[in-house]
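These notes concern the structure reproduced below.
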Amino acid sequence: MCMYVCIYKLAINMKTLYTGIGHSNSSSNSSNKMALGKSIKMYLTIFIATTCIYMVLYQYHMSRQPLASNDVVKHQDKTSSSYIASYWWAPMSLLSAVNNNSNSNSNNIMNSTINKTTETTLEQIQKDNGRSIIMQTVSLDSRQSTSATAAAATTIATTTTAALAKAAAVVTTTTTKTLATTATATQSQIKLRNGQTYRPTNKAGHNPMGQSTIPSTTTTTTTISSSRTTRTTRPKFLAISDPPPLYIITPTYRRPEQLAELTRLGYTLKHVVNLLWLVIEDANKTNPLVAHTLDRIGVPYEYLVAPMPEEYKATKRAKPRGVSNRNRGLDYLRANASEGVLYFADDDNTYDISIFEQMRYIQKVGMWPVGLVTKTGVSSPIIRNGKLDGYYDGWIGGRKYPVDMAGFAVSVKFLHERPHAKMPFKPGYEEDGFLRSLGPLANAEIELLADQCRDILTWHTQTKKNPPASPVNFTRYGQTNLEFIEKLLVRP
Ligand code: UGA
Ligand code: MN
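Each residue of the sequence shown is one higher than the one before, starting from 29 at the first, in the numbering used here.
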């Protein structure tokens with residue numbers, strides 16, 4: 029419309045000009061020429077100005093047209109030339125794209141059908157400390173994929189603004205997202221930094237049979253970045269450096285404190301690279317709440333179950349706590365690990381992360397002091413003249429190795445050399461029995477960590493036992509958030 033008005037104006041102007049020229053009596057050629065020159069200048073100026081105004085208005089008009097939401101999603105990781113060109117040509121559209129992209133995405137989100145399943149390929153680079161790389165293909169239900177789109181929308185908006193500031197509008201975004209913990213892993217592969225991989229075969233909390241082998245994997249992912257390269261998936265990632273892997277075997281069992289203990293320990297382990305956390309529950313089946321907690325923490329893990337045999341459960345005397353769990357962990361390592369170090373980390377103890385870095389390099393067995401919350405204060409190897417010369421502990425009980433579970437670690441290679449090594453179901457003698465079963469082992473072969481056992485880096489702590497929470501009164505608190513929270517409570 030505007031264009032026609034302009035052309036019309038121009039035509040009238042030109043007509044006036046030519047009419048003027050035709051009717052002028054040639055009294056003064058030079059003044060005519062000057063007048064003609066002036067007129068041409070004026071009309072040219074008007075023409076250019078009109079064209080510019082037209083272009084700006086036209087581009088503004090175009091930029092008001094909403095982009096197809098498909099385009100927005102597709103282009104978030106594509107450097108399409110037309111896409112770039114449109115931004116070069118239309119500065120106004122850059123401005124409005126910021127609004128339109130997010131608007132049309134959110135519209136898209138609103139309209140997405142719940143039953144639709146989207147295949148998304150995810151990869152995780154846990155940037156903190158260069159943790160192990162996790163790659164997996166995950167099926168997300170639409171709610172999850174929607175949140176991915178939402179994340180993408182935000183990113184586009186941000187990146188676009190940045191691009192605008194730079195006036196070079198190359199807008200490419202590679203988008204992954206924070207995976208909701210309920211995502212169902214269809215295929216996954218965890219690659220440790222030493223190049224070893226392990227493939228969980230199933231998802232914790234999704235095994236209706238409650239078999240004793242229910243591996244799963246962690247998935248907490250946020251990688252929203254802008255990049256010039258075009259890609260939706262990355263090739264297999266080879267780690268750059270490879271400290272020996274750590275296998276942390278943690279027995280756990282159902283009780284009110286369970287999720288709190290696992291959360292605390294998990295976030296300690298999150299500071300440690302190249303670590304696989306074997307969480308093994310004394311139960312017949314996995315607990316989705318535990319799986320949920322582990323997912324959220326984001327440390328690479330396997331969640332297995334290994335119930336205490338009935339004969340020990342039934343006894344009125346002391347029970348061998350965590351033994352079937354730990355033996356299950358040993359079986360797992362015999363089947364899946366070839367190097368690195370294993371450590372039994374009870375879920376209620378306290379660990380300084382520097383002990384993990386020290387234990388990685390153990391050749392056979394390493395030991396160190398454990399702080400106790402008892403009168404004895406500590407359980408420790410005794411070092412005299414630089415050599416292991418007995419043990420300090422509140423209770424020796426005829427043990428060859430009177431040490432605490434938190435005070436030693438064993439190399440996986442050494443475990444392979446002792447195929448029969450295992451923990452006995454003998455309360456009080458679990459550590460001793462296991463270490464004996466690793467024999468022959470000379471004292472000189474036991475490495476003394478934590479500054480030659482002059483430091484305390486692990487503590488045998490205990491959380492007060494608590495009665496189970498009473499049920500929430502839903503007559504009073506129905507239709508409130510408590511309906512959700514109630515489902516998160518672990519009761520025996
Ligand atoms: C101490 C030792 O540190 C344990 O390694 C040892 O198994 C235990 O004594 C024992 O001799 O019975 P303590 O703190 O007294 O540990 O025991 P807990 O912390 O209650 O249990 C040790 C581990 O086993 C924990 O990780 C716990 O979650 C797990 N556990 C406990 C089970 O798997 N099932 C149970 O019924 C109880
Ligand atoms: Mn304990």
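Glycine included, every Cβ here is placed at the ideal spot set by N, Cα and C.
Original post:
Per DSSP, which one or two residues make a beta bridge with K415?
Top reply: R412
Original post:
Less than 8 Å separating the beta-carbons of I390 and E459?
Top reply: no
Original post:
Residues in its own chain within less than 6 Å of Q408 by CB, not counting five upstream and five downstream?
Top reply: Note on identity: in this sequence residue 408 is Ser, with Gln being the wrong assignment. Within the same chain, S408 has close Cβ partners P397, Y420, C481.
Original post:
Looking at T24 and ligand 1, is the gap between the Cβ and the nearest heavy atom below 7 Å?
Top reply: In the structure as shown, the chain starts at 29 and stops at 520, and residue 24 therefore has no counterpart that could be examined.
Original post:
Considering L477, what are the terminal residues of the alpha helix (DSSP H) in which it resides?
Top reply: 477-481
Original post:
Taking 7 Å as the cut-off, is the CB of L490 close to at least one heavy atom of ligand 2?
Top reply: Looking at the sequence itself, residue 490 is Gln, so the reference to Leu does not match. It does: the Cβ of Q490 is within 7 Å (strictly closer) of some heavy atom of ligand 2.
**OP:** Return the chain-ordered list of same chain residues with a C-beta closer than 8 Å to the C-beta of T321, the five sequence neighbours on each side being excluded.
**Re:** L287, L290, T291, G294
**OP:** Going by CA-CA distance only, name the one from K298, I325, R519, P273 that's closest to N315.
**Re:** R519
Original post:
Quick one: is Q386 buried, meaning 16 or more other Cβ sit within 10 Å of its Cβ, or exposed?
Top reply: buried
**OP:** Using the DSSP secondary-structure output, state which residues sit across from E330 in a beta bridge.
**Re:** L306
Original post:
When we look at the beta-carbon of Y526 and count the other beta-carbons within 10 Å, is it buried (16 or more) or exposed?
Top reply: As displayed, the chain neither begins before 29 nor continues past 520, which places residue 526 out of reach and without an answer.
Original post:
What three-state label does DSSP hand P455 in the structure shown?
Top reply: coil
**OP:** Report all residues for which the CB-ligand distance to some heavy atom of ligand 3 is below 5 Å; order them along the chain.
**Re:** The model on display carries ligand 1 and ligand 2 but not ligand 3.
**OP:** Report all residues from its chain with a CB closer than 7 Å to the CB of R345; omit the five preceding and five following residues, and keep chain order.
**Re:** none
Subject >> For P273, the three-state DSSP class (helix, strand or coil) >> reply: coil
Original post:
Can W487 and N377 be called in contact, C-beta distance under 8 Å?
Top reply: yes
Original post:
Buried or exposed: Y457, going by 16 or more other Cβ atoms within 10 Å of its Cβ?
Top reply: buried
Original post:
According to DSSP, which residues form a beta bridge with H488?
Top reply: L400
Original post:
Under 8 Å between the Cβ atoms of M451 and R362?
Top reply: no
Original post:
Closer than 7 Å: is that where the CB of E473 sits relative to any heavy atom of ligand 1?
Top reply: no
**OP:** Please name the residue in G461, I325, V393 whose C-alpha comes closest to that of H444.
**Re:** V393
**OP:** Name the residue from I484, Y275, E511, K69 whose alpha carbon lies nearest to the alpha carbon of G368.
**Re:** Y275
Original post:
Quick one: Cα of N509 to Cα of F384, how far?
Top reply: 40 Å
Original post:
Is any heavy atom of ligand 1 found at a distance shorter than 7 Å from the C-beta of M336?
Top reply: yes
Original post:
Looking at V438 and N477, is the spacing between their C-beta atoms short of 8 Å?
Top reply: It should be pointed out that residue 477 corresponds to Leu in this sequence rather than to Asn. No, they are not a contact pair.
Subject >> Cut-off 7 Å between Cβ atoms - residues of its own chain near K454, not counting five sequence neighbours on either side >> reply: P348, G461
**OP:** Pick out whichever of S352, P495, L400 has its Cα sitting closest to the Cα of I308.
**Re:** S352
**OP:** In the DSSP assignment, find the unbroken alpha helix (DSSP H) run with A437 in it and report its ends.
**Re:** That residue, A437, is in no alpha helix (DSSP H); its beta strand (DSSP E) goes 436-439.
**OP:** Measure the C-alpha to C-alpha separation of K441 and E285 and round it to an integer number of angstroms.
**Re:** 35 Å
Subject >> DSSP state of L64 mapped onto helix, strand, coil >> reply: helix
Original post:
To the nearest angstrom, how far is it from the Cα of A342 to the Cα of K415?
Top reply: 43 Å
Original post:
Taking 7 Å as the line, does the beta carbon of P430 fall inside it for any heavy atom of ligand 1?
Top reply: no
**OP:** Determine, using beta carbons only, whether G422 comes closer than 8 Å to chain D.
**Re:** Absent from the structure is chain D; it holds one protein chain and no more.
Original post:
Shortest alpha-carbon distance to G357 belongs to which of E339, L64, Y329?
Top reply: Y329
Original post:
Distance, Cα to Cα, T402 vs Y505?
Top reply: 43 Å
Original post:
Straight-line CA distance for T278 to F502?
Top reply: 36 Å
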